[in-house]
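Protein chains in written order, with our numbering: chain A, 209 to 518; chain B, 209 to 518; chain C, 209 to 518; chain D, 209 to 518. Note that CB positions come from ideal geometry on N, CA and C, so glycine has one too. Please read the structure below before turning to the comments.
4 protein chains.
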Amino acid sequence: MQEIRQPGAHSYVFSRYLEPIAKVKPGEAVVIHTKDAFENRITSDSDVPSELLGDYLNPQTGPIWVEGAEPGDTLAVHILDIEPARDWAVSVHKPGFGGLTATAVTRMLHEPLPEKVFIYKLENGRLTANPRLSFPWRPFLGTIGTAPELEAVSALTPADHGGNMDVPDTKPGNIVYLPVRVPGAYFFTGDCHAGQGDGELCGVALEISAKVTLKFELIKGKAIRWPRIESKDELMVVGSARPMEDAARIAYAELIDWMIELGWDKWEAYQALTQIGKLHVGNMVDTYYSLVAKIEKTYAYIDDKGGSPE
Amino acid sequence: MQEIRQPGAHSYVFSRYLEPIAKVKPGEAVVIHTKDAFENRITSDSDVPSELLGDYLNPQTGPIWVEGAEPGDTLAVHILDIEPARDWAVSVHKPGFGGLTATAVTRMLHEPLPEKVFIYKLENGRLTANPRLSFPWRPFLGTIGTAPELEAVSALTPADHGGNMDVPDTKPGNIVYLPVRVPGAYFFTGDCHAGQGDGELCGVALEISAKVTLKFELIKGKAIRWPRIESKDELMVVGSARPMEDAARIAYAELIDWMIELGWDKWEAYQALTQIGKLHVGNMVDTYYSLVAKIEKTYAYIDDKGGSPE
Amino acid sequence: MQEIRQPGAHSYVFSRYLEPIAKVKPGEAVVIHTKDAFENRITSDSDVPSELLGDYLNPQTGPIWVEGAEPGDTLAVHILDIEPARDWAVSVHKPGFGGLTATAVTRMLHEPLPEKVFIYKLENGRLTANPRLSFPWRPFLGTIGTAPELEAVSALTPADHGGNMDVPDTKPGNIVYLPVRVPGAYFFTGDCHAGQGDGELCGVALEISAKVTLKFELIKGKAIRWPRIESKDELMVVGSARPMEDAARIAYAELIDWMIELGWDKWEAYQALTQIGKLHVGNMVDTYYSLVAKIEKTYAYIDDKGGSPE
Amino acid sequence: MQEIRQPGAHSYVFSRYLEPIAKVKPGEAVVIHTKDAFENRITSDSDVPSELLGDYLNPQTGPIWVEGAEPGDTLAVHILDIEPARDWAVSVHKPGFGGLTATAVTRMLHEPLPEKVFIYKLENGRLTANPRLSFPWRPFLGTIGTAPELEAVSALTPADHGGNMDVPDTKPGNIVYLPVRVPGAYFFTGDCHAGQGDGELCGVALEISAKVTLKFELIKGKAIRWPRIESKDELMVVGSARPMEDAARIAYAELIDWMIELGWDKWEAYQALTQIGKLHVGNMVDTYYSLVAKIEKTYAYIDDKGGSPE
C-alpha cells in the first residue's frame, strides 16, 4: 500500500500553489502519516508552548493529487483506520487560544490565561494524564479538506473546503464528502485527535501523530458546496462560520438541500429537521466555528433509493 | 394529588407581578395542566396561523408558590411524567419565526416564508402527519422557570431564570435545578413538546397540551446562576444568549463552576470538558439561543461524594 | 413648571407594574431630576465600586403618566435642556462590565480587569480628570423610554421601547419618538451623561446627576416599532440587539420603513441608504448593543411634505 | 510618473503566489489604474448582474513590489488623488449579497431579493441616477492591502492585511498604514467608490473605474497588526471580523495599542476612548464586517511627539 509522509517543507495552508507530494487513484487505499498539531514539538508537561511554537501550526500532509478529479466533482474519502504513531497524546492550554478566553479575534484587555501542558499516556485503549483526566481512545481526523479554487487557506481554518473542522464525526467507518475545486483535488489531512469533546473547549484536543488509512472515490459531475459526512446510520453536513448561528444555519440549510436531492419537498425537509434533526458543536475555538447537523437515514430515505450523494 | 390548571387570564410573562394560582409544598407531587404554545387555537391544517395568533404566545401555567422558597435557594424540579392531553400535536411554519428565516430581530427585506400547518396524529407511540413525517413520542417541557427578581420576562424568552429554553433534556426522569429569586419562587411551566430536534429549526416543535406530574424540592441556601439539569447519567447546564457562542460559553463556564463545587480544580475541569464534554443546540430560534453543555457523571464525580448541587 | 423627582423607591425597571409618580399633559414642559447610574453612591476616586454597588443599577425617574396616551400612539419627547445637578462627573472601570472585558454574557475564565474610579471636575464647559482626560460638556440622556406591553425590562437594557440605549443623539435640541404600548405611556428617563464616545467603551460614560427639561407630544394613532430620533438636519433610528449586526439590520430596516412613510419606494430607499446613510455605534457594552442609522433630511425628503412621523 | 495597469490575468486574491506587475520605490508617486468591482462588465440598467458576473469579483491592480519592504515593516500609503476614469458609476442589488438579505454565509430559505442596476451619471461633482438618487463625489479606495504571509485571501475579504474594507476613510489626503508580511510587501488596490454610506448597505457602492495617485513610504522595523489610517486630524484603526462586535473590539483594542505607543497608560487610553472615541461601520456586507475606531489627534497626542507610527 502506498505510504504518504509529510514533506520536509511543512504545509500550513490548503493551497493549490503547493506541489503535490503524492498521487492516488480512485479506489486505492493509502496510508498517510500525520504529525500532531504542534509538529510534535511539545513532548513534556514541563514544556512552555509559547516558547516552542511559532505563528503557524497544524501542519498537513498534502497536497495529494487525486487522479481524474476535476472541478465540479465530489471527492468521497472513506476513513478506514487511524492508528496512533506513538503511545501518548498532548493537550495544551495555549495563551490567547480557546473557547473561554480572549483571543486575537475576540480582543480584550485581560492577561492571558495560564499556559499548561497535559501529557496523556495511551494504554489499554485509554488516554490518561492522571486519575481525573482519563478518557477512551476515540480517534478522528481534526483536519481534512481540499484546496479552494483561488485562495490559500490557513490550516487552522475550517470553511466550505473542509479544513480544520475539528468535528469528531470524521472518524473511522465514516465517509467524508469534499468539494473538488481544482484539478487533482489537492487533498490534505492531518491534526489527528485521540479524542475530543464537543466544542474542543480549551482549543486543543488529545493531539497525536498517527497513521491514517484512507480510500478515495470520485463522484463525477456532482458538486457540493459544503463538506458532508455519512456514517452507517446518519447523514451529516458541517457548517463553519462566525457567529455560531451562521454555522448552524449553513449546516441545516445544506442538509435540507441534501434531502431535496433525495426526493424531499423543501418545506417538508424543513419540518422534518425541526422534529428529528441533531445539531452539535464541533469546535467553538477555531477561526470559524464548526457545527454538525444530522439526520438518521431511517428518516432521510423516503424511498428505496440510497442516500449517498451520487 | 393537587391539580393545577392554567388560569383564565393567561400568563405570557415570567413575573413576580402576577398572583400565584396555587401553592405547593416541597416534597409534594402535583399535576399541572398545560396548553400548547398557541393556546390550543390551531386545530386543523387549513388554519391560517397569522390570522389566529396574536402577539403574545406560549401561555404558562403559573405562577406557582413554593412554600419556604426564598431568594438564594435552588428549586429542584423532578419531572415525573408527561401525559398528552389530546391525541394530536401541531407544528407550524409561522411567518417571521424560525431558524432559516428573517425575523423581527434578524431583519431583512425578504417576503416571509410561506405559512403552513402540520397536524400530527398521536398513535402507537408515534406522531404522524404523513408517511415522511412520522416521529416517536419523546415528550418534554419546552418552557420551565421561576420569576426574575425585578423583571417580567416574556414567556418566549429563555434566560438565566429558565423560561423558553426548548431543550429536549427537560424530560421525564430528569431533575431541573432553577434559581429562586423571589419569595415563593414563582414557578411556571408550559409549552409541552411531543418531540423536537436539536435547534427546533422552523421554530415550532410538536406542540401539545399535556398533563405534567412534577415534584418540587428546595435546596436551601444554595444559589445557582443558570439552570442545571441532572439525568441518571449526566450533569448539564443550559446557557441562553445571542450570539450563539455566548450561549456556549455560558453553558460550559457554568458547568466548570459546577465541577469546582464537586471538588475539581478549575483548569483541570476546563481540560476535562475539552476532551469529554458534550454541547448541543436546544433552540436556534428564540429571542436567545439555548445550548446544553453536558458531562457524564462517570467523569464528573471524582470522589465518593454525590454530584447533585446540595 | 412641574418638577418631577425620583421616588424614594428606586425604579430599576421599565415597567407598567409600578405606580406613576407624576402626570404630564401633551404640550407641557416639565423638569425631571435624575440621579446618576450609580445612584450617586460613588463620589471619590478612592471608592471601590464593587463594594458600593449592588446588582441593580441605573435608577430611573418614572414612570410618568402622559395624559391621553394609548397603545398604538407615538410619544414625541422634545429634549429642551440638560443642566448638571453637580459640578463633577464620574466614570468607573467596573469588574465584569465593558467592551473589552469578559462579562456575565460573554463568559471567560479570566480574572476581572482592575477596577478604577475617575472623578471629572466640570469647569468652563469641560470635564477634567487630569491633563490627558479632559473633554467638552456634551450632555445627553443615556436612558429614555416607555413601558413594554407586558414585560418589565431592566433599566440596563435597551430594546424596542428605548431604555438604556446610550446613544449620544438623545441630546438637547433633538426629538425622541417612542412607542406607546400601555395606557399613559409610562415614560422613564435617567442616566444622564456629560459626554460619551461611540460605543461607551469601558461601559461607563461621564455619569452625572442632572436637571432635564422635556416637552411631550402625542402623535395619535401612529405606531412605531423602534425608537426614532429627529435632529434639525437628520432622521435616525436606534436598533438594539446582539450580535451587533442584528442591531445594524434593525436600525437600517426601520429607517427604510420611515422613508417609505415619506413616499420612498422600498428598493430606492435601500439604494439611497447604501450611498448616503450613516451608521455609528452607540453602545457596545449593554445587554443589547445599540446602533444608530441616519439619513440627512436633505436626502430623505423627496417632496414638500415634512419628515416627522405624523 | 510610473503608470500601473491591471494585468490581463485578473487578480482576485491578495496573494504572494502571483507575479508582481510593477516595482515602486519608497518616496515615489505612482498612478494606478483600477477597474470597477464588476470588471466594468455592467454598463446599463438593463443588464442582468446574475448573468454577467461569475464567482470571482473585485479585480485588483497588483501585486506591486515595494523595494526594500521586508516582513516586520509597515507600509505607509499616501493617497494623493483619485480621478474617475469614466463619467458614470454603477450600483447593483445583487441576489444573495447585501446587508438586509440572506447570503451564502447567513443562509435562509427565502427567495433572493430582486436584482436591479442603477447607473449614476457623474456631472458637476455629483452622481445622479434620478432626482431622488443624487449624491456628491466622495471617492475612496474600497480595497487596499498587502499579501498575507502564507495565505492567499479573496479580494472580497477584509482582514488584518487590509483588503476589501470598504471604509470611506481610505480617501485622498489620508495615509493608510499596512503591515508588510512578505518581502516586497505585494501591494494591491482596486474597487474605487465614487461614494458610499456607512455599512455599504446593499453591498454595492457607487462603483467606478479610476486613476489613483499614491505615494509609498516604508517604516522599517515597525510592525503593526491591523491597518491604521491617519487623516489631518484623526488616528484610526480598521477592525474586520464577524460577529460585528469582534470587529469593534479589534478596532478599539488596536487603537489603545497605538495610544500606548504614543505614551499613554493602557487604562487611561481605555478611559479616554470611552469618552471621546468614534466608531462607525465601514461595511456590514462583506465576508468580514469592517469597523473604524477613531480618536482626534487633539486628544491622542499627549506631548510634543508626533502621532504617526514611527
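Review point. Helix, strand or coil: which one does DSSP assign to Trp273 (chain A)?
Key: strand
Exercise for review: Please name the residue, chosen from D:Arg315, D:Ser362, D:Asn248, that lies closest to Ser219 (chain D) on a Cα-to-Cα basis.
Suggested key: D:Ser362
**Study point:** Span of the beta strand (DSSP E), counted from its first residue to its last, around Pro257 (chain C)
**Key:** Segment 257 to 260 is the alpha helix (DSSP H) holding Pro257 (chain C); no beta strand (DSSP E) there.
Point to revise | Residues of the region 338 to 365 of chain D with Cβ closer than 7 Å to any Cβ of chain C, in chain order | key: Arg340, Leu341, Phe343
Practice item. Note down the Cα distance separating Lys243 (chain C) from Leu426 (chain C), rounded to an integer number of angstroms. Key: 26 Å
Exercise for review: With DSSP collapsed to three states, give me the class of Asp454 (chain A).
Suggested key: helix
Check your understanding: Across which residues does DSSP place Cys400 (chain A) in a beta bridge pair?
Key -> A:Leu349
Exercise for review: Report all residues from its chain with a CB closer than 7 Å to the CB of Ile250 (chain B); omit the five preceding and five following residues, and keep chain order.
Suggested key: Pro257, Leu260, Val298, Val300, Val325
Check your understanding: Checking contacts by CB at 8 Å: is Pro322 (chain A) closer than that to chain D?
Key -> no
Exercise for review: Identify each residue in the region 475 to 486 of chain C for which the Cβ-Cβ distance to at least one residue of chain B is less than 9 Å, and report them in chain order.
Suggested key: Trp475, Tyr478
Review point. To the nearest angstrom, how far is it from the Cα of Met452 (chain B) to the Cα of Leu330 (chain D)?
Key: If I take the Cα positions, the gap works out to 45 Å.
Check your understanding: Three-state secondary structure (DSSP) at Ala337 (chain A)?
Key -> strand
Exercise for review: Leaving out five residues on either side along the sequence, give the residues of the same chain with a beta carbon under 7 Å from the beta carbon of Gly353 (chain C).
Suggested key: These residues qualify, in order along the chain: Phe222, His369, Gly370, Gly371, Leu386, Phe396.
Practice item. For Pro344 (chain D), collect the residues of the same chain with a Cβ closer than 8 Å to its Cβ; drop the 5 residues on either side in sequence, then sort them by chain order. Key: Gly333, Arg334, Leu335, Gly403
**Study point:** Listed by chain order, chain B residues near Ala449 (chain C) by CB distance under 7 Å
**Key:** Val313
Point to revise | The beta strand (DSSP E) enclosing Leu288 (chain A), as first and last residue numbers | key: 282 to 292
Review point. Is Ser516 (chain D) helix, strand or coil by DSSP?
Key: Below a pLDDT of 50, predicted positions are generally treated as unreliable, and Ser516 (chain D), at 44, falls in that range; the measurement from the model is reported next regardless. In this structure, Ser516 (chain D) counts as coil in the three-state DSSP scheme.
**Study point:** Backbone CA spacing between Glu211 (chain B) and His318 (chain B) [nearest angstrom]
**Key:** 46 Å
**Study point:** Range covered by the alpha helix (DSSP H) that runs through Trp475 (chain D)
**Key:** Per DSSP, the continuous alpha helix (DSSP H) segment holding Trp475 (chain D) begins and ends at 474 to 484.
Exercise for review: Assuming Tyr496 (chain C) and Ala449 (chain C) form a contact by the criterion Cβ under 8 Å, report the distance between their Cβ atoms to the nearest whole angstrom.
Suggested key: Contact holds; Cβ gap of about 5 Å.
Exercise for review: For Lys505 (chain B), name the three-state secondary structure that DSSP assigns.
Suggested key: helix
Review point. Is it right to say Met209 (chain B) is buried, meaning 16 or more other beta carbons lie within 10 angstroms of its own, or is it exposed?
Key: exposed
Practice item. From the DSSP output, in three-state form, read off Tyr496 (chain D) for me. Key: coil
Check your understanding: Which whole-angstrom value describes the C-beta separation of Ala418 (chain D) and Ala293 (chain D), a residue pair presumed to lie in contact below a C-beta threshold of 8 Å?
Key -> 5 Å
Check your understanding: How is Trp466 (chain B) classed by DSSP in three states: helix, strand or coil?
Key -> helix
Check your understanding: Taking Cβ-Cβ distances below 7 Å as the criterion, which residues of the region 381 to 412 of chain D are in contact with chain A?
Key -> none
Review point. Are the Cβ atoms of Pro234 (chain D) and Gly270 (chain D) separated by less than 8 Å?
Key: no
Exercise for review: Going by CA-CA distance only, name the one from A:Leu341, A:Ala310, A:Arg315, A:Asn248 that's closest to Asp473 (chain B).
Suggested key: For Asp473 (chain B), the nearest C-alpha among the options comes from A:Leu341.
Check your understanding: For the candidate residues B:Ala355, B:Val489, B:Lys302, whose alpha-carbon lies nearest to that of His457 (chain B)?
Key -> The question names His, but residue 457 (chain B) is Arg in the sequence shown. Taking only the C-alpha atoms, the option nearest Arg457 (chain B) is B:Val489.
Review point. Anyone know if the C-beta pair for Gly411 (chain D) and Val493 (chain D) falls short of 8 Å?
Key: yes
Point to revise | Inside the region 360 to 440 of chain C only - beta strand (DSSP E) runs reaching at least 3 residues | key: 383 to 387, 395 to 401, 418 to 427, 436 to 438
Check your understanding: Tell me the DSSP bridge mates of Ser342 (chain C)?
Key -> C:Thr336, per the DSSP bridge assignment.
Point to revise | Cutoff 8 Å: Gly262 (chain C) Cβ touching any chain D Cβ | key: False, the Cβ-Cβ gap to chain D never drops below 8 Å.
Check your understanding: Are any of the Cβ atoms in chain D nearer than 8 Å to that of Leu499 (chain B)?
Key -> no
**Study point:** Which listed residue (B:Leu422, B:Ala508, B:Leu470) has its alpha carbon closest to that of Ile484 (chain B)
**Key:** B:Ala508
Practice item. Express the C-alpha separation of Thr421 (chain D) and Arg213 (chain D) in angstroms, rounding to a whole number. Key: 12 Å
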